[in-house]
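Read the structure below first, then the notes.
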Amino acid sequence: MHENEHEHDHQHSQESDRQLYMENEQDADTRPGKQPNEPEKGSSSNKKGYFVSGITGGLIVAIIGLLLIYTNILPLQSLNSESQSADTQTGSESADSDNVTLTANTSDDPEVESALEKSASAVVGVSNLQKTTANFWEQADDTQEAGTGSGVIYKKENGKAYVVTNNHVIEGASEVEVYLQDGSTVSAKILGADELSDLAVLEIDGSNVDTVATLGSSDDLNVGETAIAIGNPLGMEFAGSVTKGIISGLERSVEIDSNQDGVADWTTEVIQTDAAINPGNSGGALVDGNGELIGINSMKIAESAVEGIGFAIPIDTAKPIIEQLEAEGSVSRPFVGISAMDLATVPKQHKQETLNLPEDVEEGIVVAQVQTGSPAEQAGLKKYDVITHINDQAIGSMLDLKKYLYDETEVGDQVDVTYYRDGTKQNTSLTLSEQDEQA
Numbered sequence: 004m005h006e007n008e009h010e011h012d013h014q015h016s017q018e019s020d021r022q023l024y025m026e027n028e029q030d031a032d033t034r035p036g037k038q039p040n041e042p043e044k045g046s047s048s049n050k051k052g053y054f055v056s057g058i059t060g061g062l063i064v065a066i067i068g069l070l071l072i073y074t075n076i077l078p079l080q081s082l083n084s085e086s087q088s089a090d091t092q093t094g095s096e097s098a099d100s101d102n103v104t105l106t107a108n109t110s111d112d113p114e115v116e117s118a119l120e121k122s123a124s125a126v127v128g129v130s131n132l133q134k135t136t137a138n139f140w141e142q143a144d145d146t147q148e149a150g151t152g153s154g155v156i157y158k159k160e161n162g163k164a165y166v167v168t169n170n171h172v173i174e175g176a177s178e179v180e181v182y183l184q185d186g187s188t189v190s191a192k193i194l195g196a197d198e199l200s201d202l203a204v205l206e207i208d209g210s211n212v213d214t215v216a217t218l219g220s221s222d223d224l225n226v227g228e229t230a231i232a233i234g235n236p237l238g239m240e241f242a243g244s245v246t247k248g249i250i251s252g253l254e255r256s257v258e259i260d261s262n263q264d265g266v267a268d269w270t271t272e273v274i275q276t277d278a279a280i281n282p283g284n285s286g287g288a289l290v291d292g293n294g295e296l297i298g299i300n301s302m303k304i305a306e307s308a309v310e311g312i313g314f315a316i317p318i319d320t321a322k323p324i325i326e327q328l329e330a331e332g333s334v335s336r337p338f339v340g341i342s343a344m345d346l347a348t349v350p351k352q353h354k355q356e357t358l359n360l361p362e363d364v365e366e367g368i369v370v371a372q373v374q375t376g377s378p379a380e381q382a383g384l385k386k387y388d389v390i391t392h393i394n395d396q397a398i399g400s401m402l403d404l405k406k407y408l409y410d411e412t413e414v415g416d417q418v419d420v421t422y423y424r425d426g427t428k429q430n431t432s433l434t435l436s437e438q439d440e441q442a
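In this text, residue positions in the sequence shown follow our numbering: the first is 4, and each later residue adds one.
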């Protein structure tokens with residue numbers, strides 16, 4: 004009891020002292036003996052000291068904190084407010100997950116959204132199935148997927164749908180399957196394929212096909228216009244991927260080595276775009292801002308070591324080839340019936356001693372073989388003849404010959420041939436036949 008009373012008296016005494024101290028503080032300026040301008044003892048210097056000490060302490064804490072973050076001793080996330088919202092926390096956990104699904108938000112890009120609504124469902128996956136080599140564990144007629152690509156449904160008629168894709172996507176296939184946008188798979192029949200243009204046409208059952216691509220015009224394009232590539236990069240796992248860019252260039256000439264022998268077999272004019280085109284995009288759609296098909300993407304003519312440069316076969320170039328492949332199964336091209344080498348590759352000694360060419364003849368093709376029964380044989384051409392012109396077009400390589408014949412002439416046309424035989428300039432004419440008719 005005495006102890007409690009003593010404690011109570013002690014607390015009361017402390018409270019009285021605090022009140023007295025506060026009253027003295029309020030009347031400090033009127034205390035006896037205090038001069039009007041006399042500073043409080045230690046007040047100004049103490050304030051300055053506190054201020055300097057505060058800055059110094061803050062700098063030390065900041066420096067130590069930065070060092071801890073830099074050395075990863077203190078994770079940056081620990082500096083985040085503990086009161087962050089649940090949505091932010093959930094997002095961070097999702098980002099750390101092993102299974103990350105990437106999606107493209109097009110809601111803020113009406114142009115892309117409109118284009119996709121019009122064309123995306125017309126883009127399909129194409130699977131190249133080939134027979135496996137028989138072994139102890141497999142049957143000889145077993146098939147496995149040898150590769151995948153993309154395709155575009157360009158037509159639906161009489162219960163059938165027609166798909167254009169790249170030739171290299173279905174090359175060597177024993178079976179072809181098409182993956183539709185609804186997830187279903189249908190078998191496809193190859194109606195025709197053309198190695199030179201790298202185009203092929205497939206026929207599928209059209210029961211589950213609702214969307215057909217709207218064909219635009221590649222001849223009316225301008226550099227800088229919107230270009231949207233749709234396809235299945237890296238396989239069906241990323242089916243229906245969309246990349247957006249611009250038309251970077253028109254009428255780009257790209258050489259194609261079809262047989263991989265190191266010599267260009269064809270030069271094709273393509274659309275250049277910076278929309279990403281990756282393996283698996285081949286055969287897919289390049290559409291404009293209106294969702295109209297302006298090109299067929301092709302990785303075969305792309306430069307794998309270069310980023311931001313993709314190519315597509317212009318739709319106006321592809322249309323007549325697609326029509327021929329659908330109707331006839333092949334492309335009819337003019338045929339001369341020779342094999343030849345470029346004059347530029349012939350050593351100077353042989354130009355003078357074997358061919359006896361005048362020194363001013365620097366370009367042409369040297370006939371190496373004439374096919375029996377061909378237009379060339381009928382026109383009297385022989386081995387070692389040097390062809391320099393077809394009609395008025397200078398011919399400096401076999402590529403020049405093919406391009407001129409395929410672009411400027413047709414089967415049945417008669418052309419004039421200028422050539423040198425044993426150093427003497429001569430002329431002849433021949434009638435072009437159809438290449439597929441020759442052995």
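No residue lacks a Cβ here, since even glycine has one placed at the ideal position from N, Cα and C.
Under 8 Å between the Cβ atoms of VAL364 and VAL334? Not closer than 8 Å, so no.
Beta-carbon within less than 6 Å of LEU183's beta-carbon, same chain only, minus the 5 sequence neighbours each way: which residues are those? Answer for LEU183: VAL127, ASN211, listed in chain order.
State yes or no: is the C-beta of ILE274 within less than 8 Å of the C-beta of LEU289? Yes, Cβ-Cβ distance for ILE274 and LEU289 is below 8 Å.
Determine the direct distance from the alpha carbon of LEU194 to that of GLY332, and round the result to whole angstroms. C-alpha separation (whole angstroms): 5 Å.
How should ASP223 be labelled, buried or exposed, when 16 other C-beta atoms within 10 angstroms of its C-beta is the threshold for buried? It is exposed - the Cβ of ASP223 has fewer than 16 other Cβ atoms within 10 Å.
Identity of the residue in ILE156, ALA397, ALA230 nearest GLU329 by Cα: Comparing alpha carbon positions, the residue from ILE156, ALA397, ALA230 closest to GLU329 is ILE156.
Provide the residue span of the beta strand (DSSP E) that contains THR188, from first to last. For THR188, the enclosing beta strand (DSSP E) begins and ends at 188-197.
Skipping 5 residues on each side, what residues in its chain have a beta carbon closer than 6 Å to that of ALA203? Same-chain partners within the cutoff: THR168, ASN170, ILE173, ALA196.
State yes or no: is the C-beta of ASP213 within less than 8 Å of the C-beta of VAL189? No.
Do ILE393 and TYR407 have their beta-carbon atoms positioned less than 8 Å apart in this structure? Taking 8 Å as the Cβ cut-off, TYR407 and ILE393 qualify as a contacting pair.
Identify the continuous alpha helix (DSSP H) that holds PRO323 and give its terminal residues. Start and end: 318-331.
Close beta carbons around GLN327, own chain, < 6 Å, minus the five adjacent residues each side: VAL334, listed in sequence order.
If I measure Cβ to Cβ from GLY219 and keep anything under 8 Å in the same chain, skipping five residues before and after, which residues do I get? Excluding positions up to five away in sequence, the list reads VAL290, ASP291, ASN293, GLU295, LEU296, ILE297, ILE318.
Where the alpha helix (DSSP H) through MET344 begins and ends: DSSP places MET344 in no alpha helix (DSSP H) but in the uninterrupted beta strand (DSSP E) bounded by 341-345.
Counterpart residues of VAL273 in DSSP-defined beta bridges: Paired residues: ARG255.
How big is the Cα-Cα spacing for ASN300 and LYS134? Taking the Cα positions, ASN300 is about 27 Å away from LYS134.
Along the alpha helix (DSSP H) that carries LYS406, what are the first and last residues, could you check? Judged by DSSP secondary structure, LYS406 falls within the alpha helix (DSSP H) whose first and last residues are 401-411.
Checking the sheet assignment: what are the DSSP bridge partners for GLN396? For GLN396, the pairing in a beta bridge is given by DSSP as ILE393.
Among SER153, LEU132, GLU380, GLY154, which residue has its Cα nearest to the Cα of ASP145? Here the closest residue by C-alpha is LEU132.
Rounded straight-line distance, which links the Cα of ALA191 to that of ALA232: Rounded to whole angstroms, ALA232 and ALA191 show a C-alpha spacing of 23 Å.
Taking Cβ to Cβ, would you say ASN281 is nearer than 8 Å to PRO337? No, the Cβ-Cβ distance between ASN281 and PRO337 is not below 8 Å.
What is the rounded straight-line gap between the Cα of LEU119 and the Cα of GLU228? Going by the C-alpha atoms only, they are around 16 Å apart.
Exposure of VAL129, with buried meaning 16 or more beta-carbon neighbours within 10 Å: With a threshold of 16 other beta carbon atoms within 10 Å, VAL129 meets it and is buried.
When burial is assigned at 16 or more other CB atoms within 10 Å of the CB, is GLY311 buried or exposed? Using a 10 angstroms sphere on the CB of GLY311, the tally of other CB atoms stays under 16, which defines it as exposed.
For LYS405, count neighbouring Cβ atoms within 10 angstroms of its own Cβ and tell me buried if that reaches 16, exposed if not. By the neighbour-count definition (other C-beta atoms within 10 Å, threshold 16), LYS405 is a buried residue.
Residues in its own chain within less than 8 Å of MET344 by CB, not counting five upstream and five downstream? Excluding residues within five positions, the ones whose Cβ falls inside 8 Å are ILE368, VAL369, ALA371, MET401.
If you drop the 5 nearest sequence neighbours on each side, which residues of the same chain put their C-beta closer than 6 Å to that of LYS121? Cβ within range, chain order: GLY294.
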